[in-house]
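Residue numbers (the working numbering), protein chains in the order written: chain C, 1 to 162; chain H, 163 to 450.
Ideal Cβ positions, reconstructed from N, Cα and C, are used throughout, including at glycine.
Quick caveat: nothing in here was measured; it's all calculated off a predicted structure.
Here is the structure we will look at, set down as structure tokens.
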């Protein structure tokens, strides 16, 4: 049997322990720990449904080994905000009707957060390039692009608070 | 879900090289971003017994901009390239390849060294690095050697890296004054696409003469390769449309493309010629 190891992940600001073998991905570990908002899509790095922030950088959790995320800060879409106090991105997606089935949206909002963190005033081209690792099979992308631009506007108006 | 493996996470380069050297008959693979490797393990194309995670080997971080050379540490990611104004100035070909590389999350973790070591004929960072005359530093417990990237590939997905070696640095000489380097990725869409035809060109011009020409082609042969006959047709000459057309034809003759789901061999050969002509013409017009 392969070696298992208890690792501590800091998920949305809270420390959580789990015991996993070396080949377990961060995606599998997160879902095992109950973070079902992180979705499993292609498991190839093409669809971005599993995207999370790792120390602030967007990564595909399906391509990240859980052990290698130990001790790092993991942020899922739930860590950005909730129904009572949504993140400007979450509010913009809801207000703009930027989701249909919604499966891809947790990963898209994570990628969008990374895009805006990198550049508070992204052009449509910046947004498109930043979302090149996220697939949505329902809506087409127009409302998604618009929601991200709206959220960026709002976040700048709020003085860069995130 | 997929075959289990052991994982070492060394905290320095010596530890990583020791872990790679002490396989004892096991298949041991280094892993940085994992954006190829994890996919290959899931698909059972790779079956490691043990992996060596490089995420804490800080000696592999960082880019160096010396007076004569530029070099990238082995853990430099595609996103690191895009955040570097120096790379944008010195290697626009590399930036163009990095911009259209995979998706955001893949760019954030995928490394330049990993793209090289994947041995894929469609590795987008390789044509720009070939036209820059990049050289690799390969380190192992038994020593360090340097190897021209041009000598690295032995055949389809076969490379000169021994299993106990790591690509620790990727370096290239700064180009002389009045040089240009460019890359064009032809693919079926802009984002997250596998290249149909990739062409990189570097040109240096002095006194109205092309002093140095490099042309590299991706996705049109078992390996990424230089079109050396085309380069030779340009070097030492004042370029004319007829000469550039001749070089472009030579580039198309160098490649040995296949038909696949993305394009036919004939289309690939045609686009090698068209893109070589276009990129060389643009570079010449800018410099001469």
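query                                                                                                                        : result
Simplified DSSP assignment, three categories, for residue 78 of chain C                                                      : helix
Beta carbon of residue 70 of chain C nearer than 7 Å to that of residue 7 of chain C                                         : yes
Three or more C-beta pairs below 8 Å linking the region 53-65 of chain C and the region 112-120 of chain C                   : yes
Endpoints, alpha helix (DSSP H) assigned at residue 411 of chain H                                                           : 403-416
Cβ-Cβ distance between residue 295 of chain H and residue 334 of chain H below 7 Å                                           : yes
Host alpha helix (DSSP H) of residue 444 of chain H (start-end)                                                              : 427-449
Endpoints, the alpha helix (DSSP H) within which residue 177 of chain H is located                                           : 175-183
Residue 46 of chain C: contacting residues in chain H (beta-carbon distance under 8 Å)                                       : 265, 354
Residue-chain proximity (residue 249 of chain H, chain C), Cβ-Cβ < 7 Å                                                       : no
Burial state of residue 326 of chain H (16 or more Cβ within 10 Å)                                                           : buried
Where residue 59 of chain C meets chain H, residues with beta-carbon distance less than 7 Å                                  : 267, 270, 271
Buried/exposed call for residue 121 of chain H, threshold 16 Cβ in 10 Å                                                      : Because chain H here runs from 163 to 450, residue 121 of chain H falls outside it and cannot be looked at.
Outcome for residue 85 of chain C when other beta-carbon atoms lying within 10 angstroms are tallied against a minimum of 16 : exposed
Entirely enclosed beta strand (DSSP E) segments - the region 247-290 of chain H, minimum 3 residues                          : none
Coarse secondary structure for residue 423 of chain H, derived from DSSP in three states                                     : coil
Three-state secondary structure (DSSP) of residue 15 of chain C                                                              : strand
Contacts of residue 152 of chain C in chain H (Cβ-Cβ under 7 Å)                                                              : In chain order: nothing, as chain H lies at least about 16 Å away.
Backbone secondary structure at residue 151 of chain C - three-state DSSP                                                    : helix
Residue-level contact to chain C via CB, residue 201 of chain H, 7 Å cutoff                                                  : yes
Cross-chain neighbours of residue 99 of chain C in chain H, by beta carbon under 9 Å                                         : Here the premise fails: no neighbours, minimum Cβ distance about 19 Å.
Whole alpha helix (DSSP H) elements within the region 94-120 of chain C, 4-residue minimum                                   : 105-118
Limits of the beta strand (DSSP E) - the one that residue 305 of chain H falls within                                        : 305-310
Span of the beta strand (DSSP E) around residue 29 of chain C                                                                : Taken as a continuous stretch (DSSP letters only), residue 29 of chain C belongs to no beta strand (DSSP E), being part of the alpha helix (DSSP H) at 26-32.
Minimum Cβ-Cβ distance from residue 51 of chain C to chain H less than 7 Å                                                   : yes
Proximal chain C residues relative to residue 215 of chain H, where beta-carbon distance stays under 8 Å                     : 65, 67, 68
Whole-angstrom distance between residue 366 of chain H and residue 398 of chain H, CA atom to CA atom                        : 10 Å
Residue 277 of chain H, buried or exposed, once every other Cβ within 10 Å from all chains shown has been counted against 16 : buried
When H:384, H:364, H:385, H:412 are compared against residue 449 of chain H, the one with the closest alpha-carbon           : H:364
CA-to-CA distance, residue 284 of chain H to residue 471 of chain H, given in whole angstroms                                : Since the first residue of chain H shown is 163 and the last is 450, residue 471 of chain H is not available in this structure.
Coarse secondary structure for residue 322 of chain H, derived from DSSP in three states                                     : coil
Cβ contact (3+ pairs, closer than 8 Å) linking the region 413-428 of chain H and the region 308-320 of chain H               : no
C-alpha gap between residue 396 of chain H and residue 348 of chain H, whole angstroms                                       : 24 Å
Neighbour-count burial assignment, residue 230 of chain H, 16 or more Cβ in a 10 Å radius                                    : exposed
Short CB-CB distance (under 7 Å) between residue 196 of chain H and chain C                                                  : yes
Cross-strand partners of residue 50 of chain C (DSSP beta bridge)                                                            : BP columns for residue 50 of chain C are empty, so no partner.
Cβ neighbour criterion (16 or more within 10 Å) applied to residue 517 of chain H                                            : For chain H, the structure presents residues 163 to 450; residue 517 of chain H sits outside this window and is missing.
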